[in-house]
Structures are given as structure tokens and as C-alpha cells.
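Chemist:
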Amino acid sequence: MINIDQKQFPRSSVFIGELESLNDRFIVAQIKTMLNNFGDEYVTFLEKVLFLANTSKVSPVDSILDYTTVFLREQVRFQQTDSYSHESFDEVYDEVYNNPDVMEGFYLDGLLLTQACWEIHYHIHRFFCNHFLPRCKGKAQGLEIGFGHGLYLYEILQQCQNKGWARCVIYGLDISEYSLKYATRLLKQSFSEDLFILKIGDIQNELNFPEQSMEFGLMAEVIEHIHSPDQALLRMRHCLKSDSPLYVVTPMNSNAVDHITNFQSIDEIEKLIISTGFVLETKEVFSVKQFQPESKDRTETLCAVFRAL
Ligand SMILES: C[S@@+](CC[C@H](N)C(=O)[O-])C[C@H]1O[C@@H](n2cnc3c(N)ncnc32)[C@H](O)[C@@H]1O
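Residue numbers (the numbering used here): 899 to 1207.
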């Protein structure tokens, strides 16, 4: 049994207790490792994520288990077929982004919770906090494409507030009306509505922000969801001022209900981003195997900060 301070971390205690009572091994084993490796830093983050997920109608335990089950099913399918389940963006739009049973049923909540329940996602989040957040200091406005649940936008606003940085307004574009609703609710819990401007839109069609208007950009877990990642990156580049940091996370060999582009190598991804007008500042590559050596999962994820030329 995992023991944590109930008074200090009430939501985490209940959440972990429920997972243990269901005899879940997959998530509980990862939580145990993260607790051992990161202690209070980890459980403070879990508590924050559970607080942010509290506006959802679905219980966090159901969301993380459903999200994980669907994800693992897609990965087994990839091991058998070596191809992603979907090729067509329109198909994914109908089945996932425009489907409340998926988006509000488990997708948005589940994906948010993976940041604190899957080791690989927790490490990606730590990379973001250590390498991207400090680069947002003093910036007046920035943009995230595919904000989903809105956690990254939350972290930026919280950092500006806690550290007394300059006032920063964040813009977000996402194709799903359900992401818009979810992230708006999440951000409204803590921040005034004039600090975030979220819109529905498709990065594959247009990005209506003036040239060189943004001082940082985020494209986390989004370029693998579209047909022409290069065009999306060029649109983002157009909006960014020179020297602005761009945070990119993208996996390869990672089947999901909404992934349509599989890259052949991490090198290919880096070269693609560089060819659209960026230089690489810093990166880490995380694989599922490094956290679960017995796993057959071949996912590798590039997590990087680029700088606009
Ligand atoms: C996997 S989620 C990523 C959420 C968050 N950025 C993260 O890293 O956890 C992908 C998000 O991209 C959005 N998305 C997918 N295709 C898009 C497109 N063509 N234009 C804008 N947003 C898109 C989806 O609606 C979803 O919210």
C-alpha cells in the first residue's frame, strides 16, 4: 500500500486508495516509482492535476483507466500491424474531436491525468517546467496549438503569477469544441478571463494571427495528429517573433485513436522542424522502454525547445 499524508494531499490519497482497491497494477506501479524518485515534488503535482480535473463529471479513476485501456489497445494493434489505426483526419474528427462521448467521456480528463500517472508523461512535463517555462519570463503573449485540456497554458499563467513576471496573455487554438469548453473551465478556476483567449480552428487551414505577433509557441502532441506537419509549423513560424522559443512534443511508433502521421525517426522530426525556420535549443527523447523495460511498446517521444530564426 502507498502511504501519503492525507491532510496535505487529500485528493491524491483518495485517488490512489481507489486505484488500489480496484487492484490496478499498471498505474499504481508507476505512481509508486514516481513517489520514490521525486517524493513531495511528484505528489504536489498529482494533487494539482486532480484539483484541475475536478470540474469533470467523470471520476478521475474512471477517466485514467479508460484512457489507458484505449491507448494500450491501440498499441497492441500497432505491434500487430505496424500501422496506425487511422489515416484520415476527417475520420478522426468525426470519431474523436467532434464526439462528446470520447472527448468528455475520457479523452480530455484521461490525457490530463496521464501527466501525473504515466511516467513518460510526467518526465515530459518536468522537461517543460525545467526548459520551457523559464523561457516565457517577461513575454507579453504566446500561442498554443492543440491545447486540449489546457494544462500547459495553466502552468504558464501560474508561473507568471507566482514569480511576479510581466502580465502575459495566452492564445490557444484547438479543433475541438470540447477542448475549448474543458480548458476554459480549467483555466477559469484560477485566472481572470482576460488572460486567456481560446478559439476553435484547424491548424491545417489557417492561423489568423499577425506575422511576428507571438513571443512563444507550443505544439505539444499535435503534429502527429495532422497530415502536413510542415505546413502547420510554417504557420506557427509566421506568427512568432524571431528568437521566440517553440515547445514541441511528438512521438513516433505510438498508435492512438487520433494519430495519423508516424515519423520514421527522431532525426526526421528534428530536421522537419529546423527546415521550417527554427534551430534546436535543447531536447530529450523519452521511450516507454526506458520506464518499462519488459514492455513491447516502441514509442519514442521527442521533447524539445526550438528557437525561431
Ligand atoms: C493529444 S491532444 C494534446 C493536448 C496537450 N497539448 C498535451 O500535450 O497534452 C491533441 C489536441 O490537438 C487538437 N487538434 C488535433 N488536430 C488539430 C488541428 N488540425 N488543429 C487544431 N487542433 C487540433 C485536439 O483537439 C486535441 O485537443
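Ideal Cβ placement from N, Cα and C applies to all residues, glycine included. Here the structure is a predicted model, which is why all the values come from computation and not from measurement.
Counting only the same chain and skipping the five closest in sequence on each side, list residues whose C-beta sits under 8 Å from that of alanine 1038.
Modeler: By one-based count along the sequence shown, residue 1038 stands at place 140. So the list reads Ala1064, Arg1065, Cys1066, Val1067, Glu1113, once near-sequence residues are dropped.
Chemist: Cα separation between phenylalanine 1161 and isoleucine 1172?
Modeler: As a working note, residue 1161 is residue 263 in the sequence shown. As a working note, residue 1172 is residue 274 in the sequence shown. C-alpha separation (whole angstroms): 15 Å.
Chemist: When DSSP builds the beta bridges, which residues end up paired with leucine 970?
Modeler: The count along the sequence shown starts at 1 and reaches residue 970 at position 72. BP columns for leucine 970 are empty, so no partner.
Chemist: To the nearest whole angstrom, what separates the beta carbons of leucine 1200 and lysine 1181, a pair I think is in contact under 8 Å?
Modeler: By one-based count along the sequence shown, residue 1200 stands at place 302. By one-based count along the sequence shown, residue 1181 stands at place 283. Contact flag correct, Cβ pair sits at about 6 Å.
Chemist: Using a Cβ-based criterion (distance less than 7 Å to any ligand heavy atom), does phenylalanine 1045 qualify as near ligand 1?
Modeler: As a working note, residue 1045 is residue 147 in the sequence shown. Within the cutoff, so yes.
Chemist: Using the C-alpha atoms, what's the distance from isoleucine 1022 back to leucine 1132?
Modeler: Position 234 of the sequence shown holds residue 1132. Position 124 of the sequence shown holds residue 1022. C-alpha separation (whole angstroms): 24 Å.
Chemist: If you follow the alpha helix (DSSP H) that glutamine 1039 is part of, which residue opens it and which one closes it?
Modeler: Locating residue 1039 in the sequence shown gives position 141, where the first residue counts as 1. That residue, glutamine 1039, is in no alpha helix (DSSP H); its beta strand (DSSP E) goes 1039-1043.
Chemist: Between the region 1000-1015 and the region 1027-1035, do at least 3 Cβ pairs fall closer than 8 Å?
Modeler: Under the Cβ criterion (8 Å, minimum of three pairs), the region 1000-1015 does not count as touching the region 1027-1035.
Chemist: Taking DSSP as the reference, what is the three-state secondary structure of isoleucine 1068?
Modeler: As a position in the sequence shown, residue 1068 is number 170, starting the count at 1. Residue state, collapsed to three classes: strand.
Chemist: So, at 7 Å on beta carbons, what are the nonlocal neighbours of alanine 848 in its own chain, with the 5 sequence-adjacent residues on each side left out?
Modeler: Outside the shown range of the chain, which is 899 to 1207, sits residue 848, and nothing can be said about it.
Chemist: Looking at glycine 1040 and tyrosine 1080, is the spacing between their C-beta atoms short of 8 Å?
Modeler: Taking the first residue of the sequence shown as position 1, residue 1080 is located at position 182. Taking the first residue of the sequence shown as position 1, residue 1040 is located at position 142. Contact: no.
Chemist: Skipping 5 residues on each side, what residues in its chain have a beta carbon closer than 6 Å to that of phenylalanine 1107?
Modeler: Position 209 of the sequence shown, counted from the first residue, corresponds to residue 1107. Result list for phenylalanine 1107: Cys1137, in chain order.
Chemist: Using the beta-carbon count (16 or more within 10 Å), is isoleucine 1237 buried or exposed?
Modeler: Past the boundaries of the shown model lies residue 1237; the chain is included only from 899 to 1207, so the question cannot be answered.
Chemist: Assess, as a yes-or-no matter, whether the region 1144-1152 is touched by the region 1188-1200 under the definition of 3 or more beta carbon pairs within less than 8 Å.
Modeler: Flag = yes, the region 1188-1200 and the region 1144-1152 touch.
Chemist: Only counting the same chain, and skipping five residues up and downstream in sequence, which positions put a Cβ closer than 8 Å to that of lysine 930?
Modeler: On the sequence shown, position 32 is the one that residue 930 refers to. Excluding residues within five positions, the ones whose Cβ falls inside 8 Å are Ile900.
Chemist: To the nearest angstrom, how far is the alpha carbon of arginine 923 from that of glutamate 916?
Modeler: In the sequence shown, residue 923 corresponds to position 25, counting from 1. In the sequence shown, residue 916 corresponds to position 18, counting from 1. Spanning the two alpha carbons is a distance of roughly 12 Å.
Chemist: Does the beta-carbon distance from arginine 1205 to aspartate 1165 come in below 8 Å?
Modeler: Position 307 of the sequence shown holds residue 1205. Position 267 of the sequence shown holds residue 1165. Against a cut-off of 8 Å, the Cβ pair of aspartate 1165 and arginine 1205 comes out as no contact.
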